[in-house]
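K.L.:
What the sequence shown shows, in our numbering, is residues 19 to 412, in sequence order.
We put the CB at the ideal spot given by N, CA and C, even for glycine.
Bear in mind the structure is a predicted one, so any value in this text is a computation, not a measurement.
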Amino acid sequence: MSNLTPFRPNYHLIGTKGCRSKMRIAEWLTYAGIDQLKQLHRYYGCEQTDQHSKHELICSLLRQISKKSYIHNLLEGCSTTELRFIELITLDPSPAYTMEELLAKGRAALCGEEGTPRSFVVAALKKGWLFPGYSHQTQYLYHMPSDTREQIQQAFVQSYIPFQQSNSPSCYRDEENQMVYDLQRFLQYLQQDIVKLTQDQAIYRQQCKQLLQTFAIPEEPIKSGGPRFGFGRMYHLYPNRFSLLYDYAYYEKYILEEEQGYLGVTSVGSERCSHLGVQEGKQLYRFWIRLYRRPIPQLPIILRWIGLLSYPNWISVSAIYQAVSPWLKPFYYETEKSLFQKIMEMLVHLGVGKWGEENQEAYFTLTSNGIRWMHGVSAFGEQTIEEGFIQPPK
């Protein structure tokens, strides 16, 4: 167990990049045409004012949308599919979207239900939650005002505050940086020992067991029975954590499955072995996102929810599941709950979060690395791993 005090930088919301293109709604209104301002004025039922004065229209609109109940009332009136679309455009930290990206988010929000993706975009423009670009370079991009985004995020998080606690649970697991240390141990093991592979390209069971016992976080070799596929190239042969380590090392060309039936470390792997650090952990996290996006397509928004709810306090795991379960869909033999358990398990293994337990309740919070990585890495920007990579070797 660890009693280290978590690193807590002064971020208002995790995952929001700072860039000049993210303007507040007052600035966006100044670039809006008078017809759009009139339409917004009518939509929000603003007080009567000079319809020919852009300044008067903007002031009237700002008075209306600055009310505390403004966001809450709008969200209350949204359907389930509309809320899913709002989550997708609000929790994605991208500063701007193309129409194609917005329509893709609309399709994702529908989840197979009847409806037209374009209707979500039209509604967001009508409410002033999206604005078209005002310059020649940005005229085909759509932006969400930064303060609107923050207010909606706060409204989403608000209902989960009762499930948070500032005190650490009586016991908790913290594996921060252990994944990188075990990657180093794996490469060192290959440097020092001869590792022969079976016809399936797997490390022989007894040697694999010996290797796994040298790790800071040991695992047992998997037992035969039950389906295992979809979560990596070697997922069918190795336990979850080592499967990810192995796949990452193979993808980065740190290891080589030789034609003669041996597993060895490459010159790249030997060089990296002595220079592994926290940055490698971040790369492992990014690789995991790419790998798990194939069986869990909505992993990016699930991670954004986890990042928002798990900082700066601990939050009950059941509350996290409540927030993300609409984005989980069964994957062959995996249920929504088992997929969620896999995500949480791997976030702990990757050193992104800590898992605690108290009074028969499970809790989760971000580690110092988790705060930095969830702030610095947008899972929405990580492309799904190439399909050819996850095909098991023949």
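Give the DSSP-derived three-state secondary structure of glycine 374 in the structure shown.
P.N.:
strand
K.L.:
Would you kindly work out how many angstroms separate the C-alpha atoms of alanine 44 and leucine 80, rounded to a whole number?
P.N.:
If I take the Cα positions, the gap works out to 7 Å.
K.L.:
Count the C-beta pairs between the stretch 196 to 207 and the stretch 231 to 238 that are closer than 8 Å, then say yes if the count reaches three, no if not.
P.N.:
yes
K.L.:
Relative to the alpha-carbon of asparagine 434, which residue among Arg304, Ile403, Pro318 and Tyr381 has its alpha-carbon at the smallest distance?
P.N.:
The displayed coordinates of the chain run from 19 to 412. Any statement about residue 434 would go beyond what the structure contains.
K.L.:
Would you check if the distance between the CB atom of tyrosine 160 and the CB atom of tryptophan 373 is smaller than 8 Å?
P.N.:
no
K.L.:
Buried or exposed for proline 245, please, with buried defined as at least 16 other CB atoms from any protein chain shown within 10 angstroms of its CB.
P.N.:
When all chains shown are included, proline 245 counts as exposed.
K.L.:
Nearest-angstrom Cα distance between isoleucine 83 and serine 292?
P.N.:
56 Å
K.L.:
Quick one: measure Cβ to Cβ for isoleucine 314 and leucine 357, integer angstroms, because I've assumed they're closer than 8 Å.
P.N.:
6 Å
K.L.:
Tell me the rounded alpha-carbon separation between tyrosine 115 and isoleucine 107.
P.N.:
9 Å
K.L.:
Anyone know if the C-beta pair for arginine 15 and tyrosine 266 falls short of 8 Å?
P.N.:
Residue 15 is absent from the model: the chain starts at 19 and stops at 412.
K.L.:
What runs of the beta strand (DSSP E), each 3 residues or longer, lie entirely inside the stretch 129 to 211?
P.N.:
Entirely contained in the stretch 129 to 211, the beta strand (DSSP E) runs reaching 3 residues are, in chain order, 159 to 161 and 189 to 191.
K.L.:
Please work out which residues of its chain come closer than 6 Å, Cβ to Cβ, to isoleucine 14, disregarding the five sequence neighbours upstream and downstream, and give them in chain order.
P.N.:
This structure gives no information on residue 14, because the portion of the chain shown stretches from 19 to 412.
K.L.:
Under 8 Å, do asparagine 258 and glutamate 363 count as touching if we go by C-beta distance?
P.N.:
yes
K.L.:
Looking only at its chain, what residues have a beta carbon closer than 7 Å to the beta carbon of alanine 127, apart from the 5 residues adjacent to it on each side?
P.N.:
Thr99, Arg102, Phe103, Leu106 and Phe138
K.L.:
Roughly how many angstroms separate the alpha carbons of phenylalanine 398 and threonine 67, rounded to a whole number?
P.N.:
42 Å
K.L.:
Return the residue from the list Gln359, Leu47 and Trp147 that minimises the CA-CA distance to histidine 73.
P.N.:
Of the candidates Gln359, Leu47 and Trp147, the one whose C-alpha sits nearest the C-alpha of histidine 73 is Leu47.
K.L.:
Can you have a look at glycine 36 and say buried or exposed, based on whether 16 or more other CB atoms are within 10 angstroms of its CB?
P.N.:
Bear in mind that the predicted position of glycine 36 carries a pLDDT of just 34, short of 50, making it unreliable; the figure below should be weighed with that in mind. Glycine 36 comes out exposed.
K.L.:
Taking Cβ to Cβ, would you say isoleucine 333 is nearer than 8 Å to glutamine 182?
P.N.:
For the 8 Å CB-CB criterion, isoleucine 333 and glutamine 182 form a contact.
K.L.:
Decide yes or no for the touch test of the stretch 220 to 232 against the stretch 295 to 304: beta carbon pairs closer than 8 Å, at least 3 of them.
P.N.:
no
K.L.:
Rounded to the nearest angstrom, what separates cysteine 77 and proline 318 at their Cα positions?
P.N.:
Rounded to the nearest whole angstrom, the C-alpha separation of cysteine 77 and proline 318 is 37 Å.
K.L.:
Could you tell me the distance, in whole angstroms, from the CA atom of glycine 211 to the CA atom of glutamine 378?
P.N.:
According to the sequence provided, residue 211 is aspartate. The question's glycine does not apply to it. Their backbone Cα atoms lie some 44 Å apart in a straight line.
K.L.:
Going by DSSP in three states, serine 396 sits in which element: helix, strand or coil?
P.N.:
Correct three-state label for serine 396: coil.
K.L.:
Rounded to whole angstroms, what's the CA-CA distance from leucine 31 to leucine 326? Just pull it up for me.
P.N.:
At leucine 31 the pLDDT is 35, less than 50, meaning the model places this residue with poor confidence and gives no usable figure here.
K.L.:
Threonine 402 and arginine 290 - do their beta-carbons sit closer together than 8 Å?
P.N.:
Contact annotation: arginine 290 and threonine 402 have beta-carbon atoms that are not nearer than 8 Å.
K.L.:
Pull the bridge partners of leucine 366 from the DSSP assignment, please.
P.N.:
According to the sequence provided, residue 366 is valine. The question's leucine does not apply to it. In the DSSP output, where bridge partners are listed per residue, valine 366 has none listed.
K.L.:
CB-CB under 6 Å to valine 335, same chain, minus the five flanking residues each way: which ones, in chain order?
P.N.:
Ala380 and Phe382
K.L.:
Quick test of your reading: leucine 215 and tyrosine 256, contact by CB under 8 Å. State the CB separation rounded to the nearest angstrom.
P.N.:
No, leucine 215 and tyrosine 256 are not in contact; Cβ-Cβ is about 12 Å, not under 8 Å.
K.L.:
Fully enclosed by the stretch 256 to 320, which beta strand (DSSP E) runs are 3 residues long or longer?
P.N.:
273 to 275 and 280 to 283
K.L.:
When we look at the beta-carbon of isoleucine 179 and count the other beta-carbons within 10 Å, is it buried (16 or more) or exposed?
P.N.:
exposed
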